[in-house]
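For what it's worth, my numbering labels the leading residue of the sequence shown as 40, then goes sequentially.
Structure first, commentary second.
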Amino acid sequence: MQFIYPNILFGLLAVLIPIAIHLFNFRKYKKVYFSNVRLLIQFQLRTRKQSQLLHYLVLATRILSIVFLVIAFAQPFIPLDSNMNLGKVNAVSVFIDNSFSMETSGDEGRIIDEARNKAVRIASAFDADDRFQLLTNDFEGRHQRFVSRDEFIQSVRETTISPAVRTLAEINSRQRDLFYRQRATSAVSYIISDFQQSTLLTKLPDSTSGYSSYLIPVQGKQTGNLYIDTCWFENPVLRINQIADLRIRIRNNSENDVQKIPVRLVINGSQRAVAAVDIPAEGSVMVNLSFSNPNAGVFKAVVEINDYPVTFDDNYYFTFKVSEHIPVLAVNQNEAFNKYLIPVFGLDSILNLINTSDRQIDYSSLPSYRLIILNNLKAISSGAVQELGRYVSQGGNLLIFPSLSSKPSDLNMLLSEPGSDLYRDIDSAQSRISSLNTNHPVLRDVFEMNTLKEDNINLPTILKHFRIQQSSGGKSETLISLENGDPLMTVFTSGNGRVYLSAIPLSDQAGNFPRHAIFVPVMLNIAFQSEDVQPFMYYTSGSRAINVGSIRPEGERVFKIREEKGDYEFIPEFRSIDGRSFIYVNEQIEKAGFYYIMDGSNQLATLAFNINRKESDLSTAGAEELQQLVSGIPGMELLETGKKDIGKIISEGSSGKKLWKWFIIAALLAIIAEVLLLRFFRKTYKTEG
């Protein structure tokens with residue numbers, strides 16, 4: 040047996056008080072004279088012995104009551120763990136998983152409610168002067184400090200479901216940082232979750248580093264889930280009156296097949312397409328919905344299915360742009376046109392090619408073009424270099440076909456930014472194209488599968504070309520390579536735009552590339568990739584920057600993000616980088632749907648947000664799997680409560696088996712014994728006397 044407060048045992052010296060009282064009889068006796076006392080001798084002897092016995096019994100009960108009370112206040116216990124930190128203020132961190140999967144039903148209702156109850160019982164198992172800290176998936180600022188037990192319990196009761204998800208490694212890292220800032224000498228953490236495999240267990244910590252961490256599982260009833268995984272268009276550039284094919288992947292995470300599930304596509308509030316699909320158990324299907332748009336602009340769309348009880352992933356929100364035309368400017372040496380470019384860009388009505396000579400460039404109109412092609416220019420003026428550099432840095436796309444009579448130094452004036460590809464000398468050796476980067480969007484889907492592996496494939500022949508020195512900073516990517524390893528065409532980012540470099544001009548002197556069939560899809564795809572296509576959608580839990588172009592708030596105004604349906608509005612983080620404006624929502628959006636970027640009363644853009652689909656896979660880790668998991672992480676243990684109260688388990692584990700209640704009972708029994716002795720034992724003596 041050990042004591043939490045052993046110094047209180049000095050209070051045992053209080054037993055000297057009743058001993059002193061009983062040893063020294065302070066009562067004054069009164070003499071009574073009798074004429075004859077011979078008859079009282081025998082009665083006196085018998086009464087003195089009985090009185091002395093009562094005297095010692097009362098003394099014993101008083102000593103025992105004091106001893107029991109002192110020991111009770113010293114907090115006696117039987118230690119169950121040799122590593123217990125007793126008598127110190129504990130720092131207790133409790134993580135409650137408040138993700139969507141915690142809404143499933145359990146034995147005590149929703150398992151989020153069960154998790155909250157367990158958190159309250161954990162706090163009740165510790166002393167009132169211990170410090171507590173609540174952590175949820177939101178990582179809120181108000182939860183980044185240690186508070187009293189009452190404040191902690193109040194915060195637990197206010198915990199609600201959130202779309203945010205965290206990994207076990209992230210939770211451990213945050214708790215470790217909080218303990219470090221608290222400078223806690225005695226720290227312990229508890230993680231209450233259903234331990235979803237697709238979210239919390241995707242990344243594990245190496246250790247808990249100096250404190251004990253306990254995993255407390257709360258298990259819900261296993262339920263299946265049908266959800267929309269993702270959507271995309273086969274062609275990212277949509278055109279007026281052109282059929283658009285929307286591809287939808289739907290998953291069935293259940294043990295049962297589902298049949299005739301309706302899938303609806305709603306655009307700007309009107310249903311535009313519908314389909315019915317059958318999905319096998321633990322499988323997925325691809326659904327194709329086709330539609331056309333007679334008008335240009337940005338459209339709001341949502342794909343819908345019906346599933347219960349998990350409904351947060353039944354809708355998939357996205358926005359898309361229908362382009363009326365893609366303006367392209369070709370700047371030619373002395374000539375107002377190019378015989379290779381006009382036929383290519385005339386193949387698609389959405390491409391609007393404007394040809395001009397290098398002497399007639401209207402620099403003020405450059406921002407209106409999505410792609411500028413410099414064709415066969417021998418030299419570039421300093422003014423043109425400055426304007427084209429600004430155009431690219433603000434998000435424009437530039438394609439350079441050099442002239443064989445150009446000096447590399449003149450061409451490189453446009454490529455002076457650090458990390459840019461550069462032109463070098465001319466290589467006059469004949470070569471052939473040997474490889475194409477089919478992973479890049481410019482060349483993706485140009486060839487049928489395995490076509491490039493055939494030996495008899497006809498690829499262009501190059502007679503002479505500029506050598507291109509590629510950037511070593513990872514900004515450059517080769518699109519087409521020659522047999523000698525030199526790149527024929529590269530692309531690299533410059534500011535917010537892209538620069539495509541060709542090692543050859545559009546001339547028969549350099550080879551047959553401009554007359555080859557591969558030239559057509561390369562040029563068309565470069566033009567299509569230059570279109571300003573906004574991201575399909577964003578995740579509520581993401582930290583991705585949202586590019587709003589070169590627009591900035593006027594004066595002292597700030598950008599705001601407003602929910603389409605509802606009064607929710609907030610001010611996002613704003614940054615201006617290289618003339619472009621970016622906003623960051625920083626997980627301030629919790630509901631899926633459409634949101635507007637507002638500059639005062641002006642609506643700048645429409646954004647679509649969805650809940651991360653990681654939460655849609657509801658499979659959780661069982662007890663055996665969790666036990667195997669924690670066995671490889673020092674300092675982490677699995678705490679299975681079963682039907683026992685978790686507060687009692689933690690109380691016994693943190694401070695052993697407490698005995699103070701038994702000593703209080705013993706002290707009360709000693710006091711009762713004293714009262715009985717003084718009342719009945721003395722009365723018996725008087726009666727006998």
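Quick reminder that beta carbons are idealized off the backbone N, C-alpha and C, glycines included.
Predicted model, so just to flag it, every value in this text is computed and none were measured.
Identify every run of the alpha helix (DSSP H) within the segment 335-399, keeping only runs that are complete inside it and at least 4 residues long; order them along the chain.
380-384
What are the boundary residues of the alpha helix (DSSP H) that Phe613 is part of?
Here Phe613 belongs to no alpha helix (DSSP H); instead the beta strand (DSSP E) covers 612-616.
What does the Cβ neighbour count give for Phe49, buried or exposed, with the cut at 16 atoms within 10 Å?
exposed
Please classify Arg596 as buried or exposed, where buried requires at least 16 other C-beta atoms within 10 Å of its C-beta.
exposed
For Val367, would you say it is in contact with chain B, using Cβ-to-Cβ distances shorter than 8 Å as the test?
In summary, chain B is missing from the structure at hand, where a single protein chain is found.
Going straight from the alpha carbon of Ala53 to that of Ile110, what length do you get?
12 Å
Any chance you could list the beta strand (DSSP E) runs of at least 3 consecutive residues sitting entirely within the segment 617-687, in chain order?
619-623, 632-638, 641-649, 675-677
Residues near Gln666 in its chain [Cβ-Cβ closer than 7 Å; skip 5 each side]
Leu677
In chain order, what residues of the same chain have a beta carbon less than 6 Å from the beta carbon of Ser445, not counting five sequence neighbours either side?
Lys417
Closest Cα partner of Gly458 within the set Ser474, Ser473, Thr532, Gly639
Thr532
Between which two residues does the beta strand (DSSP E) carrying Ile412 extend?
410-416
Pro202, DSSP secondary structure in three states
coil
Just the Cα atoms here: how many angstroms apart are Asp24 and Gln372?
For the chain, the structure presents residues 40 to 728; residue 24 sits outside this window and is missing.
For the ligand GDP, is there a heavy atom less than 7 Å away from the beta-carbon of Thr350?
Ligands displayed in this structure: none; no statement on the ligand GDP is therefore possible.
Meets three-Cβ-pair contact criterion under 8 Å: the segment 419-438 and the segment 394-406:
yes
If you run the structure through DSSP and keep just helix, strand and coil, what is Asn274?
coil
Between which two residues does the beta strand (DSSP E) containing Phe171 stretch?
170-175
Please state whether the Cβ-Cβ distance between Ile135 and Leu173 is less than 8 Å.
yes
Would Ile393 pass as a contact of Ile344 if the rule is Cβ separation under 8 Å?
no
Candidates Ile543, Val97, Asp353, Gly180, of which the one nearest Glu626 by Cα:
Gly180
Backbone secondary structure at Gly536 - three-state DSSP
strand
Helix or strand or just coil, what does DSSP make of Thr726?
Because the pLDDT of Thr726 is 48, which lies under 50, any placement of that residue in the model is unreliable, and the question is left without a value.
Would you list the residues sitting across from Lys599 in a DSSP beta bridge?
Met637
So Ala712 is in the alpha helix (DSSP H); what residue range does that whole segment cover?
699-715
Could you tell me whether the Cβ atoms of Leu521 and Arg601 are closer together than 8 Å?
no
Of all the options Asp146, Ser163, Phe107, which has the alpha carbon lying nearest to the alpha carbon of Asn129?
Ser163
C-beta atoms of Gly588 and Ser620 nearer than 8 Å:
yes
Taking the alpha-carbon positions, what's the Gln642 to Leu243 distance?
43 Å
Examine the Cβ distances between the segment 268-285 and the segment 355-374 and report whether three or more of them are shorter than 8 Å.
yes
Between the alpha carbons of Ile255 and Ile519, how many angstroms are there, rounded?
55 Å
For the alpha helix (DSSP H) containing Lys157, name the first residue and the last one.
150-163
Touch check for the segment 653-669 and the segment 232-251: three-plus C-beta pairs under 8 Å?
yes
Suppose you measure from the CA of Ala208 to the CA of Phe633; what does that come to, to the nearest Å?
32 Å
For Cys270 and Asp284, the rounded distance between their alpha carbons:
10 Å
Whole-angstrom Cβ separation of Thr579 and Ile650, contact assumed at under 8 Å?
6 Å
What is the residue span of the alpha helix (DSSP H) that Leu427 lies within?
421-432
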